[in-house]
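Asker: Pasting a structure here, questions to come.
Residue numbers (the working numbering): 4 to 449.
Encoded structure:
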C-alpha cells in the first residue's frame, strides 16, 4: 500500500482526514507515503484502513459540468493543478460535499479521482457523514482484528478451494458460521451492533483454526481414497449440467451406489483402474487399459485379436456398483456376454479388417460368407451370404458387427440360426459375386 502525491493532496483537502490525526501528520511530513515511512504502531491501519479512507475521500468530492467541459482555456497562462502540481491550460473544478472546499485540478486528475458517471448523482452530505462513521468503526475493529474483511472473504470461499470435497455435514456449519460473522461485522460497521458483538466475533475467529485443521486432516487422509469426491468431479458434473448427481455427491463427500452410475471424470477413472482390471480378469477378458480418446476401457477376449472397448458411460451405468463392491445393486450382471454385448470395435480401419477376417472364418464353418472391399467399409456397407437364394444381401457394417460379436468372440450366442434369420429379414436385391464385381468395376471407373 502506497499513497501517491495526488492521493496525499486530495486527502489533505478532504474532511475525513480530520478523523485520523496520525495519518494527517504523516501526510504533512511526506509528499508520498510508503509502508516503510509508517511507524510500527500504525502499520495495521495503513495496510487495511487507508484503502477504505482513500475510497471515502474520493466520494467526498463532486464536480460540476466543467469537470467534463473545462471552464476556461488559460492558453499560455497555466495554473498548477492542486493535486499533482502540473501547470494546466484547462481549468476544472471539484468541490467537497462536506466542507465546501473547491479546488482547481487538471483534466487528467479529474478523470483519475472523480467518477465522471456519478458526478450528478453522487452521495449526499448525510450519506458521506454516515460513511465516515463507518470508516471510523472499520478502523477500530481492524485494530482488534487486523484484516478482518479479508479474513471473512477467505472464510466464505475456503471450502470451495479444497481439492477434496468436504461432506455437507462438515462444510455447512463452517459456511453458516462465516455468514453469521460477515453479518455481525457489517452490522457493527453500520452501527446496528454495539461493541458487545466484538466478543462473539473473537470467539468465531478463534474457533476457525481448529476447524481448518480438521479440514486439512480430512484432505490428507482421503487424498488417495478411490471413491472420494473431488473438485474436478464437481466441475465435470457442472459441465454436464447434472445438478442432481452433484448435490448427492456434495452431500456424501464420496461416490456411492446413488452416484456411481453417473460419474466417469478422468482422474476418478484413472484412480481405480486396478479395480476395473480385476473385474475384467474375473470374467476371462484380457484387460488392455484406459483410452481417454475414445472414452472407454479396451479389452480382448478369447483367441480373437480384435480389440473392443466399452465406453465409460456404458460401463458405469451398468456395472458401476461392482466397482464399489456392491454388485447386488447393479442393474445388470457383470458377465462377459453383457460386456461384449454393449462393447464396440475400436474405430480403426485395420481393426475392422481384422474383425471381418475373423468373422469370415467363423461363418465359413457353417457354409456362410461375407464379401467386402475397402471402399465398402468407408460407406458402412458389407455383403452377407443369403443361403436361401445363394446370393449376397447388402447390409450395414455396423449392424453386422453388433449382431455377430458373440460369434467372433467364441460365445454361445448368437447362433448361426440367429444370423440366418437376420439375413432373411433384409430387404433389397440379392447379388451374385459376379454382379458385385461388375458393380465395383463400374464405380471404380467413374
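Cβ coordinates follow ideal geometry from the N, Cα and C atoms, glycine included.
Keep in mind the model is a prediction, meaning the values are calculated, not measured.
If we ignore side chains and look at the alpha-carbon of each, how far apart do residue 406 and residue 302 end up?
Answerer: Approximately 19 Å, taken between the alpha carbons.
Asker: Here's the rule: buried if 16 or more other CB atoms are within 10 angstroms of the residue's CB, otherwise exposed. What is residue 85?
Answerer: Result: buried.
Asker: In whole angstroms, give me the CA-to-CA distance for residue 3 and residue 284.
Answerer: The structure shown has nothing for residue 3, since the chain only spans 4 to 449.
Asker: Tell me the DSSP secondary structure of residue 448 in three-state form.
Answerer: Three-state result, residue 448: helix.
Asker: How about residue 2 and residue 315: are their beta carbons less than 9 Å apart?
Answerer: Because the chain in this structure spans residues 4 to 449, residue 2 falls outside the shown range and cannot be described.
Asker: Please list, in chain order, all residues of the same chain as residue 124 whose beta carbon is under 8 Å from its beta carbon, the five residues on each side excluded.
Answerer: Interpretation of residue 124 is limited by its pLDDT of 48, a score under 50 that renders its predicted location unreliable; the figure taken from the coordinates is listed afterwards. Nothing meets the Cβ criterion.
Asker: Verify whether the separation of the beta carbon atoms of residue 47 and residue 145 is less than 9 Å.
Answerer: Going by C-beta atoms, residue 47 is nearer than 9 Å to residue 145.
Asker: I'd like the list of long-range same chain contacts for residue 11, defined as Cβ closer than 8 Å, with 5 residues on each side in sequence excluded.
Answerer: If we look at residue 11 and ignore the five residues flanking it on each side, its Cβ neighbours are 30, 33, 34, 35 and 36.
Asker: Per DSSP, residue 415 is paired with what?
Answerer: In DSSP, residue 415 forms no bridge with anything.
Asker: Alpha carbon to alpha carbon, what distance is there between residue 352 and residue 430?
Answerer: Distance between the alpha carbons of residue 430 and residue 352: 27 Å.
Asker: Quick check on DSSP: helix, strand or coil for residue 199?
Answerer: The answer is coil: DSSP assigns residue 199 none of H, G, I, E or B.
Asker: Buried or exposed: which applies to residue 195, given that a residue is buried once 16 or more other Cβ atoms fall within 10 Å of its Cβ?
Answerer: So residue 195 ends up on the exposed side.
Asker: For residue 253, does the three-state DSSP call read helix, strand or coil?
Answerer: Of the three classes helix, strand and coil, the one that applies to residue 253 here is helix, per DSSP.
Asker: With residue 288 as the anchor, note down where its beta strand (DSSP E) starts and where it stops.
Answerer: That run of the beta strand (DSSP E) goes 288 to 294.
Asker: Which residues does DSSP list as the beta-bridge partners of residue 303?
Answerer: BP columns for residue 303 point to 289.
Asker: Could you tell me which residues DSSP pairs with residue 90 in its beta bridges?
Answerer: Answer is 83.
Asker: Identify which residue in 362, 391 and 369 has its Cα closest to the Cα of residue 403.
Answerer: Selected option, being the one with the closest Cα: 362.
Asker: Can you find at least 3 beta carbon pairs, one from the stretch 381 to 401 and one from the stretch 423 to 443, that sit closer than 8 Å?
Answerer: Cβ pair count under 8 Å is three or more, so yes.
Asker: May I ask you to report which of helix, strand or coil DSSP gives residue 147?
Answerer: Helix.
Asker: Where does residue 259 sit, in a helix, a strand or coil, going by DSSP?
Answerer: Looking at residue 259 - three-state DSSP - the assignment turns out to be coil, as it is neither helix nor strand.
Asker: According to DSSP, simplified to helix, strand and coil, what is residue 332?
Answerer: Helix, per DSSP.
Asker: Can you name, in chain order, every residue of its own chain whose Cβ lies under 7 Å from the Cβ of residue 51, other than the five neighbours on each side?
Answerer: Answer for residue 51: 145, 149 and 150, listed in chain order.
Asker: With a CB to CB cut of under 7 Å and the five nearest residues on each side skipped, what residues in its chain are close to residue 355?
Answerer: Contacts found: 348 and 380.
Asker: Among all the DSSP beta bridges, which residues are the ones paired with residue 480?
Answerer: Residue 480 lies beyond the stretch modelled for the chain, which goes from 4 to 449, so this question has no answer here.
Asker: Measure the Cβ-Cβ separation of residue 263 and residue 319 and say whether it is below 9 Å.
Answerer: Yes, the pair counts as a contact, with Cβ atoms nearer than the cut-off.
Asker: Do the stretch 226 to 238 and the stretch 248 to 266 touch if we need at least three Cβ pairs shorter than 8 Å?
Answerer: With the cut-off at 8 Å, the stretch 226 to 238 and the stretch 248 to 266 touch.
Asker: Can the beta-carbon of residue 340 be found less than 9 Å from the beta-carbon of residue 409?
Answerer: Contact: yes.
Asker: Express the C-alpha separation of residue 427 and residue 421 in angstroms, rounding to a whole number.
Answerer: Between residue 421 and residue 427, the C-alpha separation is close to 10 Å.
Asker: Could you compute how far the alpha carbon of residue 398 sits from the alpha carbon of residue 175?
Answerer: When rounded, the distance between both Cα atoms is 59 Å.
Asker: Rounded to whole angstroms, how far is the Cβ of residue 159 from the Cβ of residue 185, which I believe are closer than 8 Å?
Answerer: Between residue 185 and residue 159 the Cβ distance is about 7 Å, and since that is below 8 Å, they are a contact.
Asker: In angstroms with no decimal places, state the Cα-to-Cα distance between residue 130 and residue 19.
Answerer: The straight-line gap from Cα to Cα measures roughly 13 Å.
Asker: May I ask which residues mark the beginning and end of the alpha helix (DSSP H) holding residue 51?
Answerer: Where residue 51 is concerned, the enclosing alpha helix (DSSP H) stretches over 46 to 51.
Asker: For residue 268 and residue 334, what's the separation of their Cα atoms in angstroms?
Answerer: Approximately 21 Å between the Cα atoms of the pair.
Asker: Using 10 angstroms around the beta-carbon of residue 448, count the other beta-carbons present and answer buried if the total reaches 16, otherwise exposed.
Answerer: Result: exposed.
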